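Asker: Shown below is the structure under consideration.
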Amino acid sequence: MTSVPDVLAPATLGPVSLRNRVVKAATFEGRTPDGRVSDELIDFHARLARGQVGLTTVAYLAVSPEGRTHRDVLVVGPHTRDGLARLAGAVHAEGGAIAGQVGHAGPVANGRSNGVRAVAASRMPSPLSMQMVRTATRADISRVTRAYVDAARVLVDAGFDVLELHMAHSYLISSFLAPGLNRRKDEWGGPLANRARLAREVARAVREEVGDAAAVTAKVSLSDGFKGGVTTQAGLELAQLLESDGHLDALQLSGGSSLMNPMYLFRGDPPRAEFAAVMPPLVRWG
16 MTSVPDVLAP
26 ATLGPVSLRN
36 RVVKAATFEG
46 RTPDGRVSDE
56 LIDFHARLAR
66 GQVGLTTVAY
76 LAVSPEGRTH
86 RDVLVVGPHT
96 RDGLARLAGA
106 VHAEGGAIAG
116 QVGHAGPVAN
126 GRSNGVRAVA
136 ASRMPSPLSM
146 QMVRTATRAD
156 ISRVTRAYVD
166 AARVLVDAGF
176 DVLELHMAHS
186 YLISSFLAPG
196 LNRRKDEWGG
206 PLANRARLAR
216 EVARAVREEV
226 GDAAAVTAKV
236 SLSDGFKGGV
246 TTQAGLELAQ
256 LLESDGHLDA
266 LQLSGGSSLM
276 NPMYLFRGDP
286 PRAEFAAVMP
296 PLVRWG
């Protein structure tokens, strides 16, 4: 019989030592008003560490302004470094480790809220902003890859132990992976090897920047839950490609699309009426 690891025993994640295997996943905190680290955000994660969580993950930190899901999302940069350092210090003071989930929202970004047009693998209408999402150019791809690297450096310098690269839920990298959202005819479109190019390049570039100063992981989808999305087979093949590259210490498995099928992962009786009440009219109808 295979032995089951003790979830409360110390563990390692790449170069990082954890006091146990309990990980608080990245879930939206809603505590970054005006895109800044608030005392409420610091207290939220410090309390988790105080409760003996081994690793707490700060949810969705954008690598660039147009990569925010909306205007109150924090963009990682020199202007937010001090707040992030205070956050990391508070978690470390309680004996926990801290991860930052970094990403670019791509077509899930609300361009109207952000004041800058959203970008995706291919042009498409946005039900969030009622604008057209533009196709990422070669310059955009290069710029965003560099933005991931810059964000990773800021987080490591601020004391973060783990970097989680967001590659799921129809965000930018995920939009390249999904054939229904990626209609490109260049080297970033077509077969999975091409559609996975951005994911692999971002992982490589981030690892080369931070080395063993932090663990590097990625959130990937095993099923997007819509026609033309990432399938389980494609998700497995992507995982194999990322593993073969050797730049990541772990994968976090997820699914569903924040854009095309946001209710996919809900089971039981989700609060649809409450969700709809705070959505724009077209999204509420959907």
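Numbering of the sequence shown is given in our numbering, commencing with residue 16 and proceeding in unit increments. The beta carbon of each residue, even a glycine, is placed where N, CA and C say it ideally should be. As the structure is a computational prediction, the values presented were derived from the model and not from experiment.
#1: To which residues of the same chain is residue 241 closer than 8 Å at the C-beta, ignoring the five residues directly before and after it?
#2: List the whole-angstrom C-beta distance separating residue 262 from residue 198, where the pair is believed to meet the contact cut-off of C-beta under 8 Å.
#3: If you reduce the DSSP assignment to three classes, tell me which class residue 157 lands in.
#4: Is there contact between the segment 223 to 230 and the segment 21 to 33, where contact requires at least three CB pairs shorter than 8 Å?
#5: Ignoring anything shorter than 3 residues, give me the beta strand (DSSP E) runs that lie fully in the segment 162 to 227, in order along the chain.
#6: How is residue 100 classed by DSSP in three states: helix, strand or coil?
#7: Use the C-beta contact count for residue 14: other C-beta atoms within 10 angstroms, 16 or more gives buried, fewer gives exposed.
#8: Out of curiosity, what's the CA-to-CA distance linking residue 45 and residue 286?
#9: Along the chain, where does the beta strand (DSSP E) that runs through residue 236 open and close?
#10: Going by the beta-carbon positions, is the gap between residue 89 and residue 51 smaller than 8 Å?
#11: From 102, 268 and 48, pick the residue whose C-alpha is nearest to that of residue 57; which is it?
#12: Out of curiosity, what's the CA-to-CA distance linking residue 234 and residue 108?
#13: Using the Cβ count rule (16 or more neighbours within 10 Å means buried), how would you classify residue 201?
#14: Are the beta-carbon atoms belonging to residue 6 and residue 121 less than 8 Å from one another?
#15: For the alpha helix (DSSP H) containing residue 126, name the first residue and the last one.
#16: Does the structure place the segment 246 to 265 close enough to the segment 165 to 174 that three or more beta carbon pairs sit under 8 Å?
#17: Which residues mark the beginning and the end of the alpha helix (DSSP H) in which residue 247 is found?
#18: May I ask which residues mark the beginning and end of the beta strand (DSSP E) holding residue 73?
#19: Can you round the beta-carbon distance between residue 270 and residue 193 to whole angstroms, since I take them to be within the 8 Å contact cut?
#20: Taking the alpha helix (DSSP H) that residue 148 belongs to, which residues open and close that run?
#21: Can you check whether the CB of residue 129 is closer than 8 Å to the CB of residue 143?
#22: Is residue 80 helix, strand or coil by DSSP?
#23: Please identify the residue among 23, 21, 18 and 31 whose C-alpha is closest to the C-alpha of residue 264.
#24: Comparing alpha-carbon positions, which option in 33, 288 and 236 lies nearest residue 211?
#25: Among the residues of its own chain, which have a CB less than 6 Å from the CB of residue 132, if the five just before and after it don't count?
Answerer: So, to answer that:
#1: Contacts found: 195, 272, 275, 276 and 279.
#2: Residue 198 and residue 262 do not touch by the CB rule: their CB atoms are close to 28 Å apart, not below 8 Å.
#3: Note: residue 157 maps to helix in three-state DSSP.
#4: By the criterion of at least three beta-carbon pairs nearer than 8 Å, the segment 223 to 230 is in contact with the segment 21 to 33.
#5: Here the runs fully enclosed are 177 to 182.
#6: DSSP places residue 100 in helix when its eight states are reduced to three.
#7: What is shown of the chain runs 16 to 301, which leaves residue 14 out entirely.
#8: The alpha-carbon atoms of residue 45 and residue 286 are separated by roughly 18 Å.
#9: Looking at the DSSP string, the run of the beta strand (DSSP E) that includes residue 236 is 230 to 236.
#10: Going by beta carbons, residue 89 and residue 51 fall inside the 8 Å limit.
#11: Of 102, 268 and 48, the residue nearest in Cα terms is 102.
#12: Answer to the nearest angstrom: the Cα atoms are 27 Å apart.
#13: Around the C-beta of residue 201, fewer than 16 other C-beta atoms lie within 10 Å, and the residue is accordingly described as exposed.
#14: As displayed, the chain neither begins before 16 nor continues past 301, which places residue 6 out of reach and without an answer.
#15: Segment 126 to 129, the alpha helix (DSSP H) holding residue 126.
#16: Counting C-beta pairs with one atom in each stretch, the segment 165 to 174 and the segment 246 to 265 have fewer than three that are closer than 8 Å, which means they do not touch.
#17: Residues 247 to 260.
#18: From DSSP, the beta strand (DSSP E) with residue 73 extends over 70 to 77.
#19: Their Cβ separation, rounded to whole angstroms, is 12 Å, which puts residue 270 and residue 193 out of contact at 8 Å.
#20: Following the DSSP letters along the chain, one finds residue 148 in no alpha helix (DSSP H) but inside the beta strand (DSSP E) bounded by residues 147 to 150.
#21: Taking 8 Å as the Cβ cut-off, residue 143 and residue 129 do not qualify as a contacting pair.
#22: Under the three-state reduction of DSSP, residue 80 is assigned to helix.
#23: The candidate whose alpha carbon is nearest that of residue 264 is 31.
#24: Residue 236 is the option with its Cα nearest to residue 211.
#25: Excluding the 5 residues flanking it on each side, residue 132 has same chain C-beta neighbours closer than 6 Å at 126 and 149, in chain order.
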